[in-house]
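The opening position of the sequence shown corresponds to residue 255 in our numbering, with each subsequent residue numbered one higher.
All C-beta atoms, glycine included, are put in the ideal place defined by N, C-alpha and C.
Take a look at the structure set out below.
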Amino acid sequence: MSPLLIFGVIFVGLTTFVASLRLIRRESCREARGWGSRRGLGTLCLLTAGAGLILSCVHGLLNWDPSHGDVLSSRWPLFEAVVMGTLALLAVGLGLRAAGGPAGGMGIDWEKGVLGSSVVVALLLTLTGLAVVQMFGIPILGRWIIREVPRTEVAVTPAPPRQPGFGKKYEFSADWFSWARPIWEIVLADYRGKPNVRYLEIGVFEGRSALWMLENILTDSTASLTGIDPFFEPEKASGKSVRTYKDVFYSNLALSGFERKTRIIEGFSQIELRKLPLASFDIVYIDGSHTANDALEDAILSWRLLKDNGLMIIDDYGSRSFTGVKRAVDTFFAFFGDDFQPIHVGAQVILKKQPRDRSLPGERR
255 MSPLLIFGVI FVGLTTFVAS LRLIRRESCR EARGWGSRRG LGTLCLLTAG AGLILSCVHG
315 LLNWDPSHGD VLSSRWPLFE AVVMGTLALL AVGLGLRAAG GPAGGMGIDW EKGVLGSSVV
375 VALLLTLTGL AVVQMFGIPI LGRWIIREVP RTEVAVTPAP PRQPGFGKKY EFSADWFSWA
435 RPIWEIVLAD YRGKPNVRYL EIGVFEGRSA LWMLENILTD STASLTGIDP FFEPEKASGK
495 SVRTYKDVFY SNLALSGFER KTRIIEGFSQ IELRKLPLAS FDIVYIDGSH TANDALEDAI
555 LSWRLLKDNG LMIIDDYGSR SFTGVKRAVD TFFAFFGDDF QPIHVGAQVI LKKQPRDRSL
615 PGERR
């Protein structure tokens, strides 16, 4: 549940709470049977539900963390259950008041007046709170609400990727890339066979995406690939023997025959990216660490390494398993959005770096 949706729930809670207070005030002298009647119990249910919605949503906003993306339930697992419970209590309250009939013979028009004025008050309070947070950038306990990257998608025909996918029989234990090939084939078409194309990949794993680039895009003899990976996590790969994904990658690279045009840097990207020359790559693919802080740092450091009109591809933007990546990319785009044109925003994000004069004082380099 996103912070913006939370404000919608707060509006419902405020409307219910304000209406309940007005009902208590206006019915206290008319309801002969007091709080033991259906209408009295219904009003109490509405009052409790309204207060519960407001308090739970405010608690959710105060505990919202950008590193968890838009999923508040990941920070407070009971959040959605509490909201659903209070909404159920609200429905019970409305049912009890309806079953109790109109109060004092005033009829249904009287309650419509209470509801209408309560909606106006709640709407004003909600919009004021939203405006303070969104428009004036007021942090919630030091955490900022960041707008997401504008949505746009590359039109892909329903035809499957070209088969076979590779010219050699490589060894892979997982496939997290083939679904993106149709998009890459369209977006990277202008780079296919072009001389001196420099490609940087952060997080090579077993080499599926890197080898696809070498076989299909970086086909000119002067094109090159630079990969960064710490190779620190031993993983089981397919085959009779147990090998690390580092072993699998280097085995695949040797089989490909592209070792001479490939440079592999073993280390953490947050350290190694700082050692590379600025504005030296045409394409950067970020698929390394999936924590929000690492993904954000990779994007910022890679921005400096990317040439004007170059492409930055960031994986797992739409992943529900790595929600911190989306928050990191949205935060990056909030600061560097003027320098990029979104080409594709879906499960992956593809951004094109806009040319500009960065030699002037104060210009971002």
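| Check | Outcome |
| --- | --- |
| Based on the DSSP output, what are the partners of Q595 in its beta bridges? | K606 |
| Kindly indicate which three-state DSSP category E520 falls into: helix, strand or coil? | strand |
| Determine the direct distance from the alpha carbon of Y453 to that of M566, and round the result to whole angstroms. | 10 Å |
| Among residues of its own chain, excluding the 5 on either side of T469, which ones have a beta-carbon nearer than 7 Å to its beta-carbon? | It is worth fixing the name first, because residue 469 is Glu in this sequence and not Thr. Same-chain partners within the cutoff: F420, G421. |
| Would you decide whether E407 is buried or exposed? Buried here means 16 or more other CB atoms lie within 10 Å of its CB. | exposed |
| Could you have a look at G564 and say whether DSSP puts it in helix, strand or coil? | strand |
| Which residues does DSSP pair with G481 in a beta bridge? | E455, I518 |
| Assign R279 to buried or exposed, taking buried as 16 or more other Cβ atoms, counted over all protein chains shown, within 10 Å of its Cβ. | exposed |
| Please report the straight-line C-alpha distance between V458 and A464, rounded to a whole angstrom. | 7 Å |
| Whose C-alpha, out of A477, A434, E439, D593, is nearest the C-alpha of G665? | Within the shown structure, residues of the chain are numbered from 255 to 619, placing residue 665 beyond reach of any answer. |
| Apart from the five residues just before and just after S510, which ones in its own chain have a Cβ nearer than 7 Å to its Cβ? | K422, L465, L468 |
| What does Y539 pair with, by DSSP beta-bridge criteria? | E455, I567 |
| Three or more C-beta pairs under 8 Å: does that hold for the segment 595-606 against the segment 437-447? | yes |
| What residue range does the alpha helix (DSSP H) around V408 cover? | Where V408 is concerned, there is no enclosing alpha helix (DSSP H), given that its DSSP letter is neither H nor E. |
| Does the separation of the CB atoms of G296 and G347 fall below 8 Å? | yes |
| Assign N450 to one of three DSSP states: helix, strand, or coil. | coil |
| What separation, rounded to the nearest whole angstrom, lies between the Cα atoms of L307 and E455? | 46 Å |
| Below 8 Å on the Cβ atoms is my guess for L268 versus A376; work out the distance and round it to an integer in Å. | 4 Å |
| Would you kindly check if the distance between the Cβ of D570 and the Cβ of V579 is under 8 Å? | yes |
| With 16 other CB atoms within 10 Å as the buried threshold, where does K529 fall? | exposed |
| My assumption, with CB atoms under 8 Å, is that V263 sits in contact with V337. Please give the rounded CB distance. | 6 Å |
| Let's test the definition: count the other Cβ atoms within 10 Å of the Cβ of I540 and tell me whether it reaches 16, buried, or not, exposed. | buried |
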